[in-house]
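Engineer: Heads up: the sequence shown begins at 14 in our numbering, then just goes up one per residue.
For glycine and all other residues, C-beta sits at the position ideal for the given N, C-alpha and C.
Fair warning: this is a prediction, and the values are worked out from it, not measured in the lab.
Before I ask anything, let me first share the structure, which is written out below as C-alpha cells.
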Amino acid sequence: MATLHVLSHSPFTDARLSSCLRVLGSQDAILLCGDATYALHADTATAEALSARTGSLKLFVLDEDATARDIALPDWAESVDYAGFVALSVHYDKVNTWL
C-alpha cells in the first residue's frame with residue numbers, strides 16, 4: 014500500500030525526517046512543506062541523505078513554502094502547488110502526516 018509521507022517540521026530540530034526515511038516503502042513518496050523544505054538546503058547532511066536516494070525516492074516539495082524560504086530545488090525534487098498536494102493525497106492509498 015503506497016503512502017504519501019507529509020513532513021512540515023525542520024529536519025534540524027528533530028528526527029522526523031530520519032525516522033520517515035527508515036520506514037519509507039518502495040512505493041511511498043515524501044512531500045516536504047513548511048520548515049521541512051529546509052531539508053533541501055545545499056551542503057547539509059539532510060540534503061545529502063535525500064540526494065543519495067534519488068534513484069528510489071519520490072520527493073515532492075510544496076512550491077509556496079520553498080519559495081518563501083528561498084530554497085532552490087534540486088532537479089530530482091518535484092515542485093507542487095496546493096492543487097498538486099491534493100492530487101497527491103488522492104493518488105496515494107494513505108497519507109501519513111508526521112506531526
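Which class does His18 belong to by DSSP, given the choice of helix, strand or coil?
Structural biologist: His18 falls in the strand class under three-state DSSP.
Engineer: Can you tell me the Cα-Cα spacing of Val19 and Asn109, whole angstroms?
Structural biologist: Rounded to the nearest angstrom, the two C-alpha atoms are 6 Å apart.
Engineer: Taking contact to mean 3 or more Cβ pairs, one atom from each stretch, closer than 8 Å, check whether the segment 42-55 and the segment 66-76 are in contact.
Structural biologist: Yes, the segment 42-55 is in contact with the segment 66-76.
Engineer: In angstroms, rounded to a whole number, what distance separates the CA positions of Ala58 and Pro87?
Structural biologist: One C-alpha to the other measures close to 15 Å.
Engineer: Which residue comes first and which comes last in the alpha helix (DSSP H) that contains Ala96?
Structural biologist: Counting along the chain, the alpha helix (DSSP H) containing Ala96 begins and ends at 95-104.
Engineer: Short check: CB of Ala60 to CB of Ala49, under 8 Å?
Structural biologist: It is not a contact, given that the beta carbons lie outside the stated cut-off.
Engineer: If you reduce the DSSP assignment to three classes, tell me which class Thr50 lands in.
Structural biologist: In this structure, Thr50 counts as helix in the three-state DSSP scheme.
Engineer: From His137 to Ile84, what distance separates their C-alpha atoms?
Structural biologist: The shown model of the chain, from 14 to 112, leaves out residue 137, and the question about it has no answer.
Engineer: Mind checking who Trp111 pairs with in its DSSP beta bridge?
Structural biologist: Bridge partners of Trp111: Leu20.
Engineer: In chain order, what residues of the same chain have a beta carbon less than 7 Å from the beta carbon of Phe25, not counting five sequence neighbours either side?
Structural biologist: Hits under 7 Å: Tyr51.
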